[in-house]
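Peer 1:
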Amino acid sequence: MAAFTQEQKEYLASRIQETYPFLAQNAVGQFTNDPEEAVYGTPIDELSKEELVKYKQHGLDCWDTMLTNAAKNIFPNEDDMFRYKFYGMFHVKPTQDSFMLRCRIPGGILNSFQFKGLAEIAADWGGNYTDITTRGNMQIREIMPKNVVNVLQKLTDIGLTSRGAGADNVRNVTATPTSGFDPQELIDVAPLAKAMHHYILNDRELYGLPRKFNISFDSGGQVSTCADTNDIGFYAIRAGAAADVEPGVYFRVQLCGITGHKQLASDCGLLVHPDEAVAVAAAILRVFLEHGDRSNRKRARMKYLIDDWGHGKFLEHVQEKLAFDLRFVPLENCEPMPKKNRQGHFGIHPQKQQGLSYVGVVTPVGRMLPEQMHQLAALTNRFGSGNMRLTAWQNLIIPDIRNEDIPSFIAQLKIIGFNHTTSNVAGGLVACTGNVGCKFAAANTKAHSRILTEYIEQHLELDTPLNIHLTGCPHSCAQHYVGDIGLQGAQCKVDGKSVEGYHIVLGGGVDDNGAIAQDVFQAVPFSEIPDLVVQMLKTYLAKRQDNED
Ligand code: SF4
């Protein structure tokens, strides 16, 4: 087993000294020439580049660097650029030579004060707009190095954080966005999402996973949170005598959803009581922490550990971490999962609380302006309870509106430029950032999504909800493999010239319609796509049987 070479040691020392002149001794002292040194069993000289950065200095320990760089308005060196992601700060060059802040908003649950605070951050230190993400989260772009600390301090002031929002951490914990007021839900999962969020935040060791990790809680409610696209998806379900358990609500546990790798999460056989869910997720995380691949980034997600070990061996390790016995029950011994309402995230819907309704507000591909956000926050206070929810469908939900106030609320919503209704096409549109803000993108996904929607609406009357997901690259932030129609950005050639286009996949879905879409067309120039999609939809409408999806 090789130790550090002299060159490596000098490199590490110089990196530290660049940004930590007054800490050079201590920091360099972290390194060792001991050939036995290892990170969770992986020898130091076999660590991937990113693992070596984490080994040299914990990602959260870059606050001094941020202060220094903010004072000088400079970007950090390459290693610290990676550590900034531990605070949710992503340098998005070359599309924008600035940072993007990704927050943590567990369950997508905000209050109007926090919503206004985010609008202020975007106006004061960002690009004067915000984006709702496909994890029911918020991103703010165009933040210069001098404002990084200001932004992070303000985020804390409004009761939010971005710790662990990027790099090799557990990302924003998602939950059914109607949790707590959905008449169909089996259990309110908001407290579980919050408990999971705080568990992660308060254990420094969990900021050092081999790779990113996603966790989601589905309440059985009517709005999907795409839990089966997560590394762990908890699905609420009823079980009783057939499962040999006390009758009640439990969770099925699905593992290893990575849609960018064309894989939805699958049921691993576990039936978990709600009181056990956070502990089971924590145990899974710790097994992944200790045994995930730290040499090869391409194989560092939990999926690859479970592919190597199988569910059986993996869950044996999970069991060893728990003080209670795991419960294995065949899926068919539980009641079926409740069906989703594909239009439940927009429009007016009754709550389980008598006399109250929630309104899903359409925010096309998730973008909002600060002025609109202030007005929306004021309306939320006036007509609702101040509670707001962000969805995986890149829109937001305002709950707790008295039924008799709905007409006034809708009228006011329209005055500030928002709507609660939309077409079957626009309501299921999801687009990642695209090439106006992400260096990986091969196409302008957000602009194309609008053009495509308008074209379809002008040429077709669609009587059923349709999900179109546009993603700029194989990372699949917009999860194109679970769209009815999925587009993945691709450079195409037309008359010898390079133009923006997409690979096209068809037939994806989530939850009770779970399926990975099939590759159908490769590298189609965008100029040809609107008409092609309309032709495909006409064929579908003509040939479908019994209103099939
Ligand atoms: Fe960027 Fe690719 Fe993610 Fe789109 S899918 S935001 S292009 S990384």
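Numbering (the UniProt record's numbering), first residue to last: 1 to 549. C-beta atoms are modelled at their ideal positions from N, C-alpha and C, and glycine is treated no differently. Keep in mind the model is a prediction, meaning the values are calculated, not measured.
Can you name the residues that DSSP bridges to LYS493?
Peer 2: Here residue 493 corresponds to residue number 493 of the sequence shown, with the count starting at 1. Answer is SER498, bridged to LYS493.
Peer 1: Given a cut-off of 9 Å, decide if LYS194 and ILE109 are closer than it, judged by their beta-carbon atoms.
Peer 2: To locate residue 109, count along the sequence shown from 1; it is residue 109. To locate residue 194, count along the sequence shown from 1; it is residue 194. Yes, the pair counts as a contact, with Cβ atoms nearer than the cut-off.
Peer 1: Tell me the residue span of the beta strand (DSSP E) that contains residue 604.
Peer 2: In the structure as shown, the chain begins at 1 and stops at 549. Residue 604 is therefore absent and cannot be evaluated.
Peer 1: Please report the Cβ distance between GLN222 and GLY344, rounded to the nearest whole angstrom; I am assuming they are in contact, meaning their Cβ atoms lie under 8 Å.
Peer 2: Along the sequence shown, one-based indexing puts residue 222 at 222. Along the sequence shown, one-based indexing puts residue 344 at 344. About 4 Å separates the two Cβ atoms, so the contact holds.
Peer 1: Just curious, the alpha helix (DSSP H) that residue 589 is in, first and last residue?
Peer 2: Nothing about residue 589 can be read from this structure; the chain reaches only from 1 to 549.
Peer 1: For ligand 1, which residues have a Cβ under 5 Å from at least one heavy atom, in chain order?
Peer 2: Listed by chain position, these are CYS432, THR433, CYS438, PHE440, ALA441, THR471, GLY472, CYS473, HIS475 and CYS477.
Peer 1: ILE44 by DSSP, collapsed to three states: which one?
Peer 2: Residue 44 sits at position 44 when you count from the first residue of the sequence shown. Correct three-state label for ILE44: helix.
Peer 1: Assign PHE99 to one of three DSSP states: helix, strand, or coil.
Peer 2: As a working mapping, residue 99 is identified with position 99 in the sequence shown. It is a strand residue.
Peer 1: Which class does THR464 belong to by DSSP, given the choice of helix, strand or coil?
Peer 2: Counted from its first residue, the sequence shown places residue 464 at position 464. DSSP places THR464 in coil when its eight states are reduced to three.
Peer 1: Are ASN424 and PRO465 closer than 9 Å when you measure CB to CB?
Peer 2: Residue numbering aside, residue 424 sits at position 424 when the sequence shown is read from its first letter. Residue numbering aside, residue 465 sits at position 465 when the sequence shown is read from its first letter. Cβ atoms of ASN424 and PRO465: closer than 9 Å.
Peer 1: I want to know whether the region 435-455 touches the region 525-540 - three or more CB-CB distances under 8 Å.
Peer 2: Contact between the region 435-455 and the region 525-540 is present, because at least three Cβ pairs lie under 8 Å.
Peer 1: Using a Cβ cut-off of 9 Å (strictly closer), state whether PHE383 contacts chain C.
Peer 2: Structure shown: chain C not included; a single protein chain is present.
Peer 1: DSSP state of ARG286, grouped into three classes?
Peer 2: Your numbering for residue 286 matches position 286 in the sequence shown. Helix, per DSSP.
Peer 1: Could you tell me how far apart the beta carbons of ASP228 and ASP484 are, in whole angstroms, since I believe they sit closer than 8 Å?
Peer 2: As a first step, residue 228 must be located in the sequence shown, where it is residue number 228. As a first step, residue 484 must be located in the sequence shown, where it is residue number 484. Not a contact, Cβ separation roughly 16 Å.
Peer 1: Counting beta carbon pairs with one atom in the region 385-403 and one in the region 98-117, are three or more of them shorter than 8 Å?
Peer 2: As far as the Cβ criterion goes, the region 98-117 touches the region 385-403, which means the pair count is three or higher.
Peer 1: With respect to the alpha helix (DSSP H) encompassing ARG450, which residues constitute its N-terminal and C-terminal limits?
Peer 2: For the purposes of this step, residue 450 is identified with residue 450 of the sequence shown, where counting begins at 1. 445-459 is the span of the alpha helix (DSSP H), which, as asked, contains ARG450.
Peer 1: In terms of residues, what are the limits of the alpha helix (DSSP H) holding VAL534?
Peer 2: On the sequence shown, position 534 is the one that residue 534 refers to. Where VAL534 is concerned, the enclosing alpha helix (DSSP H) stretches over 529-543.
Peer 1: Per DSSP, what kind of secondary structure is GLU142 in: helix, strand or coil?
Peer 2: By 1-based counting over the sequence shown, the position of residue 142 is 142. Note: GLU142 maps to strand in three-state DSSP.
Peer 1: In three-state DSSP terms, what is ASN419?
Peer 2: Counted from its first residue, the sequence shown places residue 419 at position 419. Here ASN419 sits in strand by DSSP.
Peer 1: How about ARG252 and LEU331: do their beta carbons lie closer than 9 Å?
Peer 2: Within the sequence shown, the letter at position 252 stands for residue 252. Within the sequence shown, the letter at position 331 stands for residue 331. Going by C-beta atoms, ARG252 is nearer than 9 Å to LEU331.
Peer 1: Please say whether MET81 and VAL149 have beta carbons closer to each other than 9 Å?
Peer 2: If you number the sequence shown from 1, residue 149 lands on position 149. If you number the sequence shown from 1, residue 81 lands on position 81. Result no, Cβ atoms of VAL149 and MET81 do not sit closer than 9 Å.
Peer 1: By the three-class DSSP mapping on this structure, what secondary structure does ASN547 have?
Peer 2: Along the sequence shown, read from residue 1 onward, the residue named residue 547 stands at position 547. Coil.
Peer 1: Tell me which same chain residues have a C-beta within less than 6 Å of the C-beta of MET368, skipping the five on either side of it?
Peer 2: To locate residue 368, count along the sequence shown from 1; it is residue 368. THR130.
Peer 1: Measure the beta-carbon distance from PRO370 to ASN128 and round it to whole angstroms, keeping in mind my assumption that it falls under 8 Å.
Peer 2: Position 370 of the sequence shown holds residue 370. Position 128 of the sequence shown holds residue 128. Their Cβ separation, rounded to whole angstroms, is 6 Å, which keeps PRO370 and ASN128 in contact under 8 Å.
Peer 1: Tell me the DSSP secondary structure of HIS197 in three-state form.
Peer 2: Within the sequence shown, numbered from 1, the residue matching residue 197 stands at position 197. Three-state DSSP puts HIS197 in a helix.
Peer 1: Who are the Cβ neighbours of GLY29 in its own chain at under 6 Å, not counting the five residues just before and after it?
Peer 2: Reading the sequence shown from its first residue, position 29 is the one you call residue 29. For GLY29, the predicted model reports a pLDDT of 38, less than 50, meaning its position is unreliable and no value from the coordinates is stated.
Peer 1: Using only the alpha-carbon positions, how far apart do CYS103 and VAL318 sit?
Peer 2: Numbered from its first residue, the sequence shown carries residue 103 at position 103. Numbered from its first residue, the sequence shown carries residue 318 at position 318. Distance between the alpha carbons of CYS103 and VAL318 is about 29 Å.
Peer 1: Candidates ASN387, GLY507, ILE74 and PRO474: which alpha carbon is nearest LYS116's?
Peer 2: For the purposes of this step, residue 116 is taken as residue 116 along the sequence shown, with counting starting at 1. For the residues ASN387, GLY507, ILE74 and PRO474, the minimum Cα distance to LYS116 belongs to ASN387.
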